[in-house]
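Enquirer: Protein chains in written order, with the numbering used here: chain L, 29 to 483; chain U, 2 to 138; chain E, 36 to 328.
The C-beta atom is built at its ideal place from N, Cα and C for all residues, glycine as well.
First the structure, then my questions, so here it is.
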Amino acid sequence: MSKQLGAVIQTYTARSWFWTMCAVSLVWVGVFMLLASTGMLPDTYAAFASIPLCISGVCLGNHLSIQFRSAQSKLIPKFAAPHLTVAAGLCGMVAVLLVVVATFASHGTAVAAQWEGISRIGLLAFGWSLFLLCFSFGCFHPWAIALAFPSSVFFLSFIKAGSSIWLSVMSSGPVVALVLILNSILTFVLVRRMCRLNDVMIESHFHDLSEPSQSKRRAWSRERGRFFRGWNQTDKELDSIRRPIGGDLRSQVRHFQLGFGLLLKPITLVPILVVTFWVLHFAFLQIGRGSSIPDLVAIIGSTGSLSGALTRVRTNGRMSFQWIMMLPLRREEIVFRYGIALLIHMLKMWFTITIPLYIVAWLSLAGMPHPSPSLWPYMDSLAAQIPLFGVVTLFIWRPQVVGAYLAGAVVMLALMGAPHLNELGLPLLLPVMFLVLGVCTIAWSYRRWLQTDLS
Amino acid sequence: MDGKFRFYVYPSAGAPIYRQLMEQVKFQIASGRLVPGDVLPSVRDTAQELEINPMTVSKAYSLLERDGILARDRGQGMRVLGRTVKGGIRERRDELRALLKDVVVKAHQLGFDSDAVLEMLKPLLAELDKNSESLEV
Amino acid sequence: MSDVVLEMIGVSKSFEKTEVLKSIDLSVARGRVVGLLGKNGAGKSTLLKCALGLMKPNSGTATIFGEDAWNLSGGAKARIGYVPQKISLYDWMRVRQMIAYYAAFYPSWNDTLTAELVEKWELQSEDRVGKLSEGQLQKLALILALGHEPELLILDEPAASLDPQARRTFLAAVVEIASDQSRTVILSTHLTSDLERVASDIVMLKSGVIQYSGSMDDLKESVKSIRLTTQGRLPGRMDLPGVLAYEVHANHALLTMSGVNEDRIHRLEHDYSATAEVRDLNLEDIFVEVHRV
């Protein structure tokens, strides 16, 4: 058994993200010790703890799904036990880490009173639910790693917004008991389903092969295609490609943009987002946290465009650059046009997110003496797109996107701190910094694109 | 001769494909299945049918042309020429001797003595004489 | 116009510390069908990528149509068709849209040819690219590489995930391309059977060094297996010039030798007072022998 466990552990240590996670959690513990030297409030602790929970959940889910999806899971005798044991061990390590940190946080005399009414088991139960959510996400959704960061950020803001209510819910006995029972059932179901991942794959594969159902499916998908064509912007545009494309920059950039394939036109998304943001804003007002718009601009404005651009470019993998580079244009022409197309794509996403936010902010101020909301958060966030673009283009090559998301996190924190700079009378500091950083990263990235090998 | 002349090739054999094609033409002529005036399939058709590189076919044809076995007909492709004897008697004798040497070595290895080999050669030679008579008629 | 389509002079390429290509010299003339043969990891893909300017050699020069490969002009690229080893296209596009998208980049495109190939290779033009199997994806990539009727077609392990029947149709298509004598095709593979029918030239690559470069016929004609039999005794070592591999028993020896001709056989027979028996080797035998050294 110990030999098997060693082999399973090796599957983790061989992956680079595992060591990145270890390093990040070390840094996390260090930062925590620094912040909590005089104790830490329970809601801050919950927000702080949610990030490693989310990320480790998604990574673990992804790793296990790779292991159980392979045919080896069927062929190797006693496959499940060592794999699940190691996974459970890792979960246990995360849990122990969080418990240790919680005891440390609640020790300070200044915060002891706030921790008084908080049920530790309640915290554990809710942490468990969050972990399960992220785990199943990582297990069954292929892009989960790219989306782990935004979802944990979302959770963070959620907890921060309504901490008092959440904490009281977490401490009520019956709720905690219910959550614990639900968690146990969910864990059992998840593990069972994961152990059968390979069967599910095989079944669906055979299903594909059976002739009549396939032709039926094809006919159905054609029907569906015809129905959705009206909605699907890319399909429509692809069907009306004019050949050959013009020699001018504009039509060439437009053509490269088609390669990013947006499902809906940004303008159709705006009304949907206005409604969503309005509901969110209203909920936050009810909780009594005041306007959340500037925070939302900072958070979604930086991570939304970043993850949108990365997932779009990376779904077709790094290898696609090989044939893109062999298109009948010079290398620097291709890099320039592809880059502009990507920048436009990012800015489009950014406007799609921020215009609804601005509309909501404006609506909420209706009837007040100063009817137009401040534009500063938007200016800062727009300036932040420049370095983000540089980072995205640098990281498209790399197999691990973690770096891009770390950069996104730094930008986001800087944007959240922007109001303080305004109070200090330095409103231009951040945009200028972004501009300089952006120019540097883009120049670096352009050089790399021209010099690098395509393997 | 009925039907079209067909080539067969064994791509994974040791002999280059162009040589296989040349041997087949020579053998078919020797055995009387190809007669002077017959037209061989075009380079393109042969290449496509056998799924081989056209350059291989044209190499075989031009070598056969050089050897005086085929002639290029304008617009019609390659035509089989009558039997002609090329080269001096000495060279031809050397070529034949080299071939016969292989036969002798092999026969020795297989355990036949010289009488047995000569006995076996006789009917084969008789058949060749009959074929060339029918060609001349 | 020069007859050399692709040329590499002294090209070396290393990744970190491993040297993948060691001073490659290669010249491909117009109208040839070149098979690049080597084991997995011999550096075939790297060689093709350096030749195409997708990778920058550490030293040496690579040219295509007389232009520096790293700085190819758009016009030169429009005359090249390339199918990479790992294909990733836009998953959300339909087959028909993918072809139209790709075609738009090129100044001229043969729609009849691509439609014919889509039909022949049983692709559904309404299917999404992401749903295609490996083999179908390879066919689609090949169609994309053929649509602009390139003068130079470079295929990196093109038949790797095709079934035997699709392999034959694919090779037949290569024959058809080759029958237009101004086209040049370079295809890499580790299977000799892919090349036996179609290749006019063979480039054998072994751990980054070209072992043989020349016509397939010359290769088959010059590399032979020779069996020496003698009444006396043969020496234990027979590593003569040109011998690729040898096996010596008491009074007979088996040699695999390159550069074989009548003279050399006579000399062998004379030197060892033995009788020589020469046997042809096919491409696979030669490949195995070359890799045994």
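Can you give me the Cβ contacts of Leu-190 (chain E) inside the same chain, cut-off strictly under 6 Å, excluding the 5 residues immediately before and after it?
Expert: As a working note, residue 190 (chain E) is residue 155 in the third sequence. Once the five neighbours on either side are set aside, the close Cβ partners of Leu-190 (chain E) are Val-118 and Leu-222.
Enquirer: Is the Cβ-Cβ distance between Ser-164 (chain L) and Leu-208 (chain L) less than 7 Å?
Expert: Position 136 of the first sequence holds residue 164 (chain L). Position 180 of the first sequence holds residue 208 (chain L). Going by C-beta atoms, Ser-164 (chain L) is not nearer than 7 Å to Leu-208 (chain L).
Enquirer: Which class does Phe-50 (chain E) belong to by DSSP, given the choice of helix, strand or coil?
Expert: Position 15 of the third sequence, counted from the first residue, corresponds to residue 50 (chain E). Residue state, collapsed to three classes: strand.
Enquirer: Which class does Gly-116 (chain E) belong to by DSSP, given the choice of helix, strand or coil?
Expert: As a position in the third sequence, residue 116 (chain E) is number 81, starting the count at 1. Looking at Gly-116 (chain E) - three-state DSSP - the assignment turns out to be strand.
Enquirer: Which residues in the same chain have their Cβ closer than 6 Å to the Cβ of Phe-107 (chain L), if we skip the five residues on either side of it in sequence?
Expert: Position 79 of the first sequence holds residue 107 (chain L). Cβ within range, chain order: Ser-101.
Enquirer: What does DSSP give as the partner residues of Ile-189 (chain E) in its beta bridges?
Expert: Translated into the one-based positions of the third sequence, residue 189 (chain E) becomes position 154. The partner list for Ile-189 (chain E) (beta bridge, DSSP) reads E:Tyr-117 and E:Ile-221.
Enquirer: At a Cβ threshold of 7 Å, is Ser-238 (chain L) touching chain E?
Expert: Against the first sequence, residue 238 (chain L) aligns to sequence position 210. Confidence is the limiting factor: at Ser-238 (chain L) the pLDDT is only 40, short of 50, which leaves the residue's position unreliable, though a coordinate-based value still follows. Answer no: the Cβ-Cβ gap between Ser-238 (chain L) and chain E never drops below 7 Å.
Enquirer: Does Asp-276 (chain L) come within less than 7 Å of chain E when only Cβ atoms are used?
Expert: The residue you call residue 276 (chain L) lines up with position 248 of the first sequence. Answer no: the Cβ-Cβ gap between Asp-276 (chain L) and chain E never drops below 7 Å.
Enquirer: Identify which residue in L:Phe-60, L:His-91 and L:Ser-84 has its Cα closest to the Cα of Phe-76 (chain L).
Expert: By 1-based counting over the first sequence, the position of residue 76 (chain L) is 48. Selected option, being the one with the closest Cα: L:Phe-60.
Enquirer: Residue ranges of each alpha helix (DSSP H) run of no fewer than 4 residues wholly in the region 78-133 of chain E, ordered along the chain?
Expert: Counting whole runs of 4 or more residues, the region 78-133 of chain E contains the alpha helix (DSSP H) stretches 79-87 and 109-112.
Enquirer: Taking Cβ positions, are Pro-185 (chain E) and Pro-272 (chain L) nearer each other than 7 Å?
Expert: The residue labelled residue 185 (chain E) in the question sits at position 150 within the third sequence. The residue labelled residue 272 (chain L) in the question sits at position 244 within the first sequence. No.
Enquirer: If we count the other Cβ atoms within 10 Å of its Cβ and call it buried at 16 or more, is Thr-480 (chain L) buried or exposed?
Expert: Your numbering for residue 480 (chain L) matches position 452 in the first sequence. Its Cβ having fewer than 16 others within 10 Å, Thr-480 (chain L) is exposed.
Enquirer: Answer with buried or exposed for Cys-468 (chain L), where buried requires no fewer than 16 other C-beta atoms within 10 angstroms of its C-beta.
Expert: The residue labelled residue 468 (chain L) in the question sits at position 440 within the first sequence. It counts as exposed.
Enquirer: Going along the chain, which residues of its own chain have a beta-carbon closer than 8 Å to the beta-carbon of Arg-98 (chain U), five neighbours each way excluded?
Expert: On the second sequence, position 97 is the one that residue 98 (chain U) refers to. So the list is empty, once near-sequence residues are dropped.
Enquirer: Rounded to the nearest angstrom, what separates Leu-279 (chain E) and Glu-304 (chain E) at their Cα positions?
Expert: Counting from one through the third sequence, the residue named residue 279 (chain E) turns up at place 244. Counting from one through the third sequence, the residue named residue 304 (chain E) turns up at place 269. Roughly 18 Å between the two C-alpha positions.
Enquirer: Could I get the ranges of all uninterrupted alpha helix (DSSP H) runs contained in the region 104-162 of chain L, with 4 residues as the minimum, in chain order?
Expert: Segments of the alpha helix (DSSP H) lying fully in the region 104-162 of chain L: 108-133 and 140-144.
Enquirer: Looking only at C-alpha atoms, which of U:Gly-69, U:Gln-49 and U:Asp-74 sits nearest to Phe-205 (chain E)?
Expert: By 1-based counting over the third sequence, the position of residue 205 (chain E) is 170. Here the closest residue by C-alpha is U:Gln-49.
Enquirer: Under a Cβ-count criterion, where at least 16 other Cβ atoms within 10 Å of its own Cβ denotes burial, should Phe-256 (chain L) be classed as buried or exposed?
Expert: Translated into positions along the first sequence, residue 256 (chain L) becomes position 228. Caution is warranted here: a pLDDT of 46 is assigned to Phe-256 (chain L), below 50, making its placement in the model unreliable, and no coordinate value can be reported.
Enquirer: Ile-115 (chain E) touches chain L at which residues, Cβ-Cβ below 8 Å?
Expert: Translated into the one-based positions of the third sequence, residue 115 (chain E) becomes position 80. Ordered by position in chain L, the residues that pass the 8 Å Cβ test against Ile-115 (chain E) are Met-354.
Enquirer: Using DSSP's beta-bridge definition, name the partner residues of Ile-90 (chain U).
Expert: Position 89 of the second sequence, counting from 1, holds the residue named residue 90 (chain U). None, per the DSSP bridge assignment.
Enquirer: In angstroms with no decimal places, state the Cα-to-Cα distance between Val-57 (chain L) and Phe-288 (chain L).
Expert: For the purposes of this step, residue 57 (chain L) is identified with residue 29 of the first sequence, where counting begins at 1. For the purposes of this step, residue 288 (chain L) is identified with residue 260 of the first sequence, where counting begins at 1. If I take the Cα positions, the gap works out to 39 Å.
Enquirer: What are the residues of the region 13-46 of chain U that lie near chain E, defined by any Cβ-Cβ distance shorter than 9 Å?
Expert: Listed by position along the chain: Ser-13, Ala-14, Gly-15, Ala-16, Pro-17, Ile-18, Tyr-19, Arg-20, Val-44 and Arg-45.
Enquirer: Consider the Cβ of Met-56 (chain U): report whether some Cβ of chain E lies at a distance smaller than 7 Å.
Expert: Position 55 of the second sequence, counted from the first residue, corresponds to residue 56 (chain U). It does; some Cβ of chain E falls within 7 Å.
Enquirer: Look at the alpha carbon of Leu-148 (chain E) and the alpha carbon of Arg-129 (chain E), and state the distance between them as a whole number of angstroms.
Expert: Sequence index remark: in the third sequence, residue 148 (chain E) carries index 113 (1-based). Sequence index remark: in the third sequence, residue 129 (chain E) carries index 94 (1-based). Straight-line Cα distance between these residues: approximately 18 Å.
Enquirer: Buried or exposed: which applies to Gly-258 (chain L), given that a residue is buried once 16 or more other Cβ atoms fall within 10 Å of its Cβ?
Expert: Sequence index remark: in the first sequence, residue 258 (chain L) carries index 230 (1-based). Note that Gly-258 (chain L) scores 42 on pLDDT, short of 50, meaning its location in the model is unreliable; the coordinates nonetheless yield the value given after this. Under this definition Gly-258 (chain L) is an exposed residue.
Enquirer: Identify the residues that DSSP records as bridge partners of Ser-196 (chain E): which are they?
Expert: Within the third sequence, residue 196 (chain E) is the residue found at index 161, counting from 1. None; Ser-196 (chain E) has no bridge partner.
Enquirer: Could you work out which residues of chain E lie near Asp-481 (chain L), taking near to mean beta carbons separated by less than 8 Å?
Expert: Taking the first residue of the first sequence as 1, we reach residue 481 (chain L) at position 453. Result: Lys-84, Leu-89, Met-90 and Lys-91.
Enquirer: Measuring only between beta-carbons, confirm whether Leu-370 (chain L) sits less than 7 Å from chain E.
Expert: Residue numbering aside, residue 370 (chain L) sits at position 342 when the first sequence is read from its first letter. No - not a single Cβ of chain E is within 7 Å of the one on Leu-370 (chain L).
Enquirer: Give a yes or no on whether the minimum CB-CB distance between Pro-105 (chain L) and chain E is below 7 Å.
Expert: In the first sequence, residue 105 (chain L) corresponds to position 77, counting from 1. Closer than 7 Å: no.
Enquirer: Can you check whether the CB of Val-55 (chain E) is closer than 7 Å to the CB of Thr-81 (chain E)?
Expert: Position 46 of the third sequence, counted from the first residue, corresponds to residue 81 (chain E). Position 20 of the third sequence, counted from the first residue, corresponds to residue 55 (chain E). For Thr-81 (chain E) and Val-55 (chain E), yes; Cβs fall inside 7 Å.
Enquirer: Rank U:Phe-6, U:Tyr-11 and U:Arg-7 by C-alpha distance to the C-alpha of Arg-232 (chain E) and give the top, closest one.
Expert: By one-based count along the third sequence, residue 232 (chain E) stands at place 197. Closest by alpha carbon: U:Tyr-11.
Enquirer: Among the candidates E:Ser-228, E:Gly-101 and E:Lys-74, whose CA atom is the shortest distance from the CA of Ala-86 (chain E)?
Expert: Translated into the one-based positions of the third sequence, residue 86 (chain E) becomes position 51. With distances taken between Cα atoms, Ala-86 (chain E) lies closest to E:Gly-101.
Enquirer: How would you label Arg-365 (chain L), buried or exposed, when you count the other beta carbons within 10 angstroms and need 16 or more for buried?
Expert: Along the first sequence, one-based indexing puts residue 365 (chain L) at 337. The residue in question, Arg-365 (chain L), is buried, as its Cβ has 16 or more Cβ neighbours within 10 Å.
Enquirer: Do Ile-122 (chain E) and Ala-176 (chain E) have their beta-carbon atoms positioned less than 7 Å apart in this structure?
Expert: Counted from its first residue, the third sequence places residue 176 (chain E) at position 141. Counted from its first residue, the third sequence places residue 122 (chain E) at position 87. Yes, the Cβ-Cβ distance between Ala-176 (chain E) and Ile-122 (chain E) is below 7 Å.
Enquirer: Just to confirm, are Glu-317 (chain E) and Ser-63 (chain U) a CB contact at a threshold of 7 Å?
Expert: Looking up residue 317 (chain E) in the third sequence gives position 282. Looking up residue 63 (chain U) in the second sequence gives position 62. Correcting the residue identity first, residue 317 (chain E) is Asn in this sequence and not Glu. Going by C-beta atoms, Asn-317 (chain E) is not nearer than 7 Å to Ser-63 (chain U).
Enquirer: What do you reckon, are the CB atoms on Ala-180 (chain E) and Ile-269 (chain L) nearer than 7 Å?
Expert: The residue you call residue 180 (chain E) lines up with position 145 of the third sequence. The residue you call residue 269 (chain L) lines up with position 241 of the first sequence. It is not a contact, given that the beta carbons lie outside the stated cut-off.
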